[in-house]
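This report concerns only the one structure given below.
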Amino acid sequence: MKIIPISVPTPFYIGPVNVYLIAEDPITIIDTGPKTKEAVTALRDGLRVNGFRVSDIRRIVLTHAHEDHCGLARSLRDEAKNAEVLVHEWETGHRHSRLEYDEHRVLLVRAGVPDDEIVRLRRMYEAVRQYADSFADHEHGPLWDNADLEFETGSLRIVHTPGHTPGSCSFVREADRTIIAGDCVLKRITPNPVLSPDPLDPKKRFPSLAEYLVSLARLRTFAPTLVYGGHGGPVEDYDELFNRYIRAIQERQSHVIKLVSTEGVTAWEVAQKMFPGTDDVHRFLAVSEAVAHLDLAHTEGKLGLEVSGIREIYKPL
Ligand SMILES: [Zn+2]
Ligand SMILES: [Zn+2]
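In this note's numbering, each residue carries its 1-based index in the sequence shown increased by 1109.
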């Protein structure tokens, strides 16, 4: 069962995204690239040099529903005459190619993001939406944790690895312990635990960083020999990456705790101090990062949390 990476350009800061072609019946691609002309061309070329066409694709599997990964899913499915599309059920926030704005708004207000900033973020959501088509619920099937994606001569085990997004999934070829991990594992950078509503209770936020730590540890139990990430080259030494991520997360957590003054701060204020001068999507990611670390510190008993009106204030213990 051959796993073939195809690099597809994106208009995003992160750079090209990796699409993985599983060149065996049923011909499957894991992730698609964003909805841009450049991405379609690169994907077609990548398929062609390996002897395939879009119409050969029978199954489109999404590691998660960020635009750079899922953007082309709908048009590829249509061109491939109704190839099956699979995504985890918890990927609710992004599945329809729109961040669930109202649910997000509540989370942003609670994190102390000022109203004018929320308006700017709304514009950013709108701009990013153009890079993906939406899907109705009946148009895709679920990915179940621990189930297998069957191929003619082998299978990939589906492993739910929430954190970067609630419905992020990885795929393990157990024969040689190779993993396709989407944005759960990136060679050069520590992935963002993106601020999301909890799929099981959208009024709450998803405990993204706590879940992410569990996912990283779970992948480690497979003793991976090679991990293909959503961006950049494959990771050959997962243990080294695991330890590096854990160190980076711990360092950031102690930094965040130091930014919490005695009178208390919101996540927005912490984000401003951590990443001054950020813009656009990076402002949102900065808030995500701050909330994720503050929440983890709070659940680990290292910070207090008080609700003042509609805002949440973190305080030293
Ligand atoms: Zn992503
Ligand atoms: Zn990505």
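Where a beta carbon is used, it is the ideal one built from N, C-alpha and C, also for glycine.
Being a predicted model, the structure only gives us computed values, none of them experimental.
Cβ-based neighbour list, residue i, same chain, cut-off 8 Å, excluding 5 preceding and 5 following
{"i": "Leu1295", "result": "Gly1338, Gly1339, His1340, Gly1341"}
{"i": "Arg1207", "result": "Interpretation of Arg1207 is limited by its pLDDT of 48, a score under 50 that renders its predicted location unreliable; the figure taken from the coordinates is listed afterwards. Closer than 8 Å at the Cβ level, and outside the excluded window around Arg1207, lie Tyr1234, Arg1238, Ser1243."}
{"i": "His1247", "result": "none"}
{"i": "Lys1190", "result": "Ser1164"}
Whole-Å CB distance - residue i paired with residue j, under 8 Å assumed
{"i": "Cys1481", "j": "Gly1272", "result": "Any property of residue 1481 remains undetermined from this structure, which presents the chain solely from 1110 to 1426."}
{"i": "Glu1188", "j": "Val1163", "result": "5 Å"}
{"i": "Ser1264", "j": "Leu1328", "result": "No, Ser1264 and Leu1328 are not in contact; Cβ-Cβ is about 18 Å, not under 8 Å."}
{"i": "Ile1138", "j": "Ile1169", "result": "6 Å"}
{"i": "Tyr1354", "j": "Pro1333", "result": "At roughly 14 Å, the Cβ-Cβ gap does not stay under 8 Å, so Tyr1354 and Pro1333 are not in contact."}
Residue i beta carbon near ligand 2 (any heavy atom closer than 7 Å)
{"i": "Val1126", "result": "yes"}
{"i": "Ile1138", "result": "no"}
{"i": "Gly1341", "result": "no"}
{"i": "Ile1169", "result": "no"}
{"i": "Ile1123", "result": "yes"}
{"i": "His1175", "result": "yes"}
{"i": "Asp1292", "result": "yes"}
Short Cβ contact (8 Å threshold) for residue i with residue j
{"i": "Val1400", "j": "Leu1325", "result": "no"}
{"i": "Val1369", "j": "Leu1412", "result": "yes"}
{"i": "Asp1177", "j": "Gly1142", "result": "yes"}
{"i": "Ala1220", "j": "Glu1360", "result": "no"}
{"i": "Pro1135", "j": "Arg1183", "result": "no"}
{"i": "Ala1406", "j": "Val1344", "result": "no"}
{"i": "Gly1291", "j": "Ala1241", "result": "no"}
{"i": "Val1222", "j": "Trp1377", "result": "yes"}
Cβ neighbours of residue i in the same chain (closer than 7 Å, five flanking residues each side left out)
{"i": "Thr1371", "result": "Pro1425"}
{"i": "Val1126", "result": "Val1117, Thr1119, Asp1140, Gly1142, Asp1177, His1178, Gly1339, His1340"}
{"i": "Phe1121", "result": "Asp1177"}
{"i": "Lys1382", "result": "Leu1368"}
Burial state of residue i, where buried means 16 or more other Cβ atoms lie within 10 Å
{"i": "Trp1253", "result": "exposed"}
{"i": "Val1416", "result": "exposed"}
{"i": "Leu1195", "result": "buried"}
{"i": "Ala1284", "result": "exposed"}
{"i": "Val1374", "result": "buried"}
Heavy atom of ligand 1 within 7 Å of residue i beta-carbon
{"i": "His1269", "result": "no"}
{"i": "His1178", "result": "yes"}
{"i": "His1402", "result": "no"}
{"i": "His1364", "result": "no"}
{"i": "His1391", "result": "no"}
{"i": "His1247", "result": "no"}
Cβ neighbours of residue i in the same chain (closer than 6 Å, five flanking residues each side left out)
{"i": "Leu1350", "result": "Val1344"}
{"i": "Val1281", "result": "Arg1266, Val1268, Ile1288, Phe1331"}
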